[in-house]
Amino acid sequence: DSGNETVQRWRLGELKVIVDFLMPPAPEQAAAMRVQKLESDFGAIVTPGLELAFDERTLVELDGHSLNGERVRRTAPVCGPAAFVVLKALAFADRGEPKDAYDLVYVIRHTPRRGRAIAERLATHAERHASIVQRALRLLVRDFDGPDGLGPTRAAGFAIAEPAAPGELDEAAADAQGYVDDILRAAGGLRLAAEDQA
190 DSGNETVQRW
200 RLGELKVIVD
210 FLMPPAPEQA
220 AAMRVQKLES
230 DFGAIVTPGL
240 ELAFDERTLV
250 ELDGHSLNGE
260 RVRRTAPVCG
270 PAAFVVLKAL
280 AFADRGEPKD
290 AYDLVYVIRH
300 TPRRGRAIAE
310 RLATHAERHA
320 SIVQRALRLL
330 VRDFDGPDGL
340 GPTRAAGFAI
350 AEPAAPGELD
360 EAAADAQGYV
370 DDILRAAGGL
380 RLAAEDQA
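Heads up, the working numbering is the position in the sequence shown plus 189, with the first residue counted as 1.
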């Protein structure tokens with residue numbers, strides 16, 4: 190936080206959990222606006238592409254304990270994999286955080302039918318949100334252009350903090366690039382449209 194006001198962030202006591210509130214950009218909102226103040230002490234991070242998360246919701250059953258220790262089981266909607274890939278591609282392009290690259294690759298790896306399934310959903314999203322989907326694809330092309338690219342190397346470095354063997358990071362980076370490339374190849378015409386606009 191570095192002394193900056195963070196009206197978009199909520200904390201509960203001394204817990205090491207931070208919740209950031211997000212909202213999609215409002216029509217006519219300045220592109221440079223990062224935080225929308227909603228009340229004097231409450232705001233949300235303006236997140237382009239967030240509307241895709243509401244269009245592609247997946248229900249997940251959570252079973253565990255509340256922050257107060259009570260046993261609880263709930264079904265919660267979460268962002269589907271294609272919307273998640275778009276949001277993480279945009280986040281990684283903005284911040285360059287290794288965790289964003291890792292999260293993106295993790296979701297691709299663990300989505301049934303991987304690149305093909307995500308590309309099919311991206312095509313559906315592009316029917317309503319073509320510019321944001323194509324922007325995300327352009328960024329994936331740029332940031333995951335080879336195993337030594339920024340995205341693959343940061344994803345690998347996050348996954349393997351201390352390599353056990355020589356070449357382990359290179360292998361993980363090649364895998365990361367391959368997973369993203371599967372989406373880009375499966376996206377076909379969407380990818381070509383994105384590259385034409387670059």
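We put the CB at the ideal spot given by N, CA and C, even for glycine.
Keep in mind it's a predicted model, so treat the numbers as computed, not measured.
For Gly304, three-class secondary structure by DSSP: DSSP, read as helix, strand or coil, puts Gly304 in helix.
Alpha-carbon to alpha-carbon, Ala290 and Phe281: So the alpha carbons of these two residues sit roughly 6 Å apart.
Whole alpha helix (DSSP H) elements within the segment 264-330, 4-residue minimum: Listed in chain order, they are 270-284 and 287-298.
Candidates Gly269, Arg303 and Asp371, of which the one nearest Gly335 by Cα: The shortest C-alpha separation from Gly335 is found at Asp371.
Three-state class that DSSP yields for Phe206 in the structure shown: Contrary to the premise, residue 206 reads as Val rather than Phe in this sequence. Looking at Val206 - three-state DSSP - the assignment turns out to be coil, as it is neither helix nor strand.
Distance between beta carbons of Asp252 and Ile234, contact taken as under 8 Å: Between Asp252 and Ile234 the Cβ distance is about 29 Å, and since that is not below 8 Å, they are no contact.
Given 8 Å, three or more beta-carbon pairs between the segment 317-329 and the segment 268-283: Here the segment 317-329 makes contact with the segment 268-283; the two share three or more CB pairs at distances below 8 Å.
Ala215 to Glu357 span [Cα, whole Å]: For Ala215 and Glu357, the gap between their C-alpha atoms comes out near 44 Å.
Unbroken stretches of the alpha helix (DSSP H), 4 residues or longer, contained in the segment 332-357: As far as the segment 332-357 is concerned, its whole alpha helix (DSSP H) runs of at least 4 residues are 339-348.
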